[in-house]
Each structure stands twice: as structure tokens, then as C-alpha cells.
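Note that my numbering has the sequence shown beginning at 2, numbered continuously upward.
Structure record follows, encoded as C-alpha cells.
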Amino acid sequence: MRRDQTVLQHVTQFFESRGSPMLEINRQQADVLEGCTLLFNQYGTAPGMLIKKEDTTFVFMPGVPFEMKHLMNTQILPRLTQQENSTYLSQENIIVGGIGESYLAEKIADIESELPASIKLAYLPTLTFVRLRLSGKGSDQETITATTKHYAEQLIHRLGEHVIANYDTTIEEFLIQKFIEHKLTLTTTESCTGGSLAAMITAIAGCSAMYVGGTIPYSNKLKQQLLGVREETLLQYGAVSEQTVIEMAEGAKKKFETHYAISTSGIAGPGGGTIDKPVGTVWVAVAGERETITKKFQFQNDRTINIERTRQLALFMLWQLLVKEHQIGMSL
Numbered sequence: 002m003r004r005d006q007t008v009l010q011h012v013t014q015f016f017e018s019r020g021s022p023m024l025e026i027n028r029q030q031a032d033v034l035e036g037c038t039l040l041f042n043q044y045g046t047a048p049g050m051l052i053k054k055e056d057t058t059f060v061f062m063p064g065v066p067f068e069m070k071h072l073m074n075t076q077i078l079p080r081l082t083q084q085e086n087s088t089y090l091s092q093e094n095i096i097v098g099g100i101g102e103s104y105l106a107e108k109i110a111d112i113e114s115e116l117p118a119s120i121k122l123a124y125l126p127t128l129t130f131v132r133l134r135l136s137g138k139g140s141d142q143e144t145i146t147a148t149t150k151h152y153a154e155q156l157i158h159r160l161g162e163h164v165i166a167n168y169d170t171t172i173e174e175f176l177i178q179k180f181i182e183h184k185l186t187l188t189t190t191e192s193c194t195g196g197s198l199a200a201m202i203t204a205i206a207g208c209s210a211m212y213v214g215g216t217i218p219y220s221n222k223l224k225q226q227l228l229g230v231r232e233e234t235l236l237q238y239g240a241v242s243e244q245t246v247i248e249m250a251e252g253a254k255k256k257f258e259t260h261y262a263i264s265t266s267g268i269a270g271p272g273g274g275t276i277d278k279p280v281g282t283v284w285v286a287v288a289g290e291r292e293t294i295t296k297k298f299q300f301q302n303d304r305t306i307n308i309e310r311t312r313q314l315a316l317f318m319l320w321q322l323l324v325k326e327h328q329i330g331m332s333l
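So, in C-alpha cells, the structure goes:
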């Protein structure tokens, strides 16, 4: 190991610019392997390192995910693809919703069984969506790219309306992009999700072009005052009901003058359930330009998981209505 003065200078400037003291353990980030090629890390302090030994390339990267991703995309992959006798990689991602992993696997089993040895299919599920990742590996870049794309197109045709996007994204990123493209606006009004749906949206840069804001009318009083939910609706059907979430969504859409509105109301748990409405009962409504859609979900007793499922499925419902009203679907 040796201490690289260029890296040490970068680490020193990093801490000085933030007015933070630099400890000896921070200086050690400038210690690098003898004979390595340094990979400058503009987003952090620890550099990446690359060493070649015979026909093998060894790469060492910082552990912070976004720093690692940056080095991989800007420095490592370009270097590897320039090597002679390189193995070329190709990847296609398909985001799928509204279908369980087991049923999904059964639906595309014949396509998967026909994949050549150079193409691998991975199922990467979340609580509510599945990302299908096709990874190709071959000695000819053009051939492996075309082959991977060919099988991705077969999967997209087979899965049809379940396909949300044909690239690696999240449901919130995809929706924000489509809302901006079509000059649409959105508001949210959340009871059981407590603002976490709004947090998903506002975590994405650029969302202000389509998201006007949201409300958290947790009490019945606020549902009436903010959104105009009728007292008789709450008395007759309760806060966790189809009728209430319809009035919440339509009231929010009218009050904030948006094209779309999402409302959530439920019993997230672990307490508060009844025989008629046990813990995990959730209603979601999405008010659109021409109609309002609703759906009842019955989850389990885990509060955190129930909230996460609700906010993701609410966005999936928004996507479904957006496709219906604006014909925003997959096209190859």
C-alpha cells in the first residue's frame, strides 16, 4: 500500500469545503494498492482502484451505492469494453404490475425455456411489482444486444397490459415522467398512509412540474373541512369505505384544481380493526378526468408493510387510469 498525494489532496479539500475536521482514518482513504490504476471519485472521498493480472481485471470500489454506480458507469464499463477479447454485456428491464410472481412465471414459462445459454432471466419482485431482467453475455456486442432485445420484445407482447415500462425505473418515476409529458397535475389526500405517498413522489427531482401537493386528513373532522366529505357519508359508511375515499379524491381534485387525485383510507394496524373491517382493510380511490376508480385491499397485521403496499398499489391504480384515459401504454 502507498499513500497517494493526489487522492490525499482531494480528501483534504473535501473536508475543508464542509468545515469538518479530518481524522487519521479519513487520511487512510488515500492509501491505495501499489501498481493500481486510480478511478477518481468525484462524489466521495475513497477512490476506486483497478488492477490487471494476466487476463483478469480486478476492480475495487467504494461501498456507497451511488458512488459505486457512478464509477461503474463512467469509468469501469468503458474501460472493460475497450479491452481486446472482451465479453459484452446487454441488459433489458421490464417492470410488471398487477400480476403475482408465480402466475407471471407460469405465463412466460415457454419463452423462458427457449432462452439460449447466453441469456439469463431474473425475477426481481418488490411488495407489489416485479422487475424482469434479461441479461445477455457474448463476444459480439451487436449480436448479444439484438438477441437480448428480441426476447424482451417477446415478453412485452406476452404480458401486454401488465407491462408498465421497458426500462429500469420505479412506478413513481415513470408516472412523473408521463404526467409531465402530457401536462397533467396530481394531488394526494392520505389518511392511513400518512403522507408517505406524497413522500414517494416528492423524492423524485422534477416532480414539482406535476405535483401540486397533498393533505393528510387523518380525522373525520378534517376530511369534512378540507375535502367536503359529507357527515352523513362518514356516519353511514365510516371513514374506511368506498364512499368516503371517493368523496376524498373528488373533493381534493376539485379543491386543488388538478387533473388527478389519489385518496387512501384504511386500518393499517396493529390495532383498530373490527369484525366488519379487520386490520389491514384499505380503500383507495383515484379520481381522473372522466371517472373515479376504487379498490378495496385486505392486507395482514404489519403496519409498515400495509402502508408500503397501499402507496405502491395506489400508484399502480393511477397508472391504470392514466393508460385508460390517455392511452399511455407500452409500444415497441
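In this text, a Cβ means the ideal position worked out from N, Cα and C, and glycines have one as well.
This structure is a prediction, so every number in the text was calculated from the model and none was measured.
- Per DSSP, Leu314 is not a residue of any beta strand (DSSP E); the alpha helix (DSSP H) it occupies stretches across Arg304 to His327.
- DSSP places Lys224 within a helical segment (H, G or I) once states are collapsed to three.
- If you ignore the 5 residues before and after Gln244, its C-beta comes within less than 6 Å of the C-beta of Thr234 and Tyr238, all in its own chain and listed in chain order.
- His260 counts as buried, since no fewer than 16 other beta carbons sit within 10 angstroms of its beta carbon.
- Here Asp277 carries a coil assignment [DSSP, helix/strand/coil].
- For secondary structure counted as the alpha helix (DSSP H) over 4 or more consecutive residues, the region 70–134 holds these complete runs in sequence order: 78–82, 102–108 and 110–114.
- 8 Å or more divides the Cβ of Ser136 from the Cβ of Leu176.
- For Leu51, no alpha helix (DSSP H) run applies; the uninterrupted beta strand (DSSP E) run containing it begins and ends at Gly49 to Lys54, by DSSP.
- Our two residues, Thr13 and Asp32, have alpha carbons roughly 13 Å apart in a direct line.
- Scanning Phe130, Ser103, Gly139 and Glu102 for the CA closest to the CA of Pro117 turns up Gly139.
- Counting C-beta atoms within 10 angstroms of its own C-beta, Lys222 has fewer than 16 neighbours from the protein chains shown and is therefore classed as exposed.
- Between Ala253 and Arg304, the gap from beta carbon to beta carbon reaches 8 Å or more.
- In the three-state reduction of the DSSP assignment, Gln43 falls in the coil class.
- In terms of Cα proximity to Leu128, the closest of Ala315, Gln76 and Arg291 is Ala315.
- A residue is called buried when at least 16 other Cβ atoms come within 10 angstroms of its Cβ; Gln43 does not meet this threshold and is exposed.
- Bridge partners of Leu187 according to DSSP: Tyr212 and Tyr261.
- Its chain contains Leu198, Ile217 and Thr265 as the residues whose beta carbon lies nearer than 6 Å to that of Glu191, once the 5 sequence neighbours on both sides are disregarded; these appear in chain order.
- Taking C-beta atoms under 8 Å as the contact rule, Leu39 and Pro48 qualify, at a distance of about 5 Å.
- In the three-state reduction of the DSSP assignment, Gln6 falls in the helix class, which pools H, G and I.
- Excluding its 5 nearest sequence neighbours in each direction, Pro63 has C-beta neighbours in its own chain below 7 Å: Asn42, Gly45, Ala47, Gly49 and Met69, listed in chain order.
- Note that the C-beta distance between Thr148 and Ser114 is not below 8 Å.
- Beta-bridge analysis with DSSP links Lys138 to Leu90.
- Using a Cβ distance threshold of 8 Å, Met318 and Val285 count as a contacting pair.
- Between Ser220 and the set Val213, Gly214, Gly229 and Tyr212, the nearest pair of CA atoms involves Gly229.
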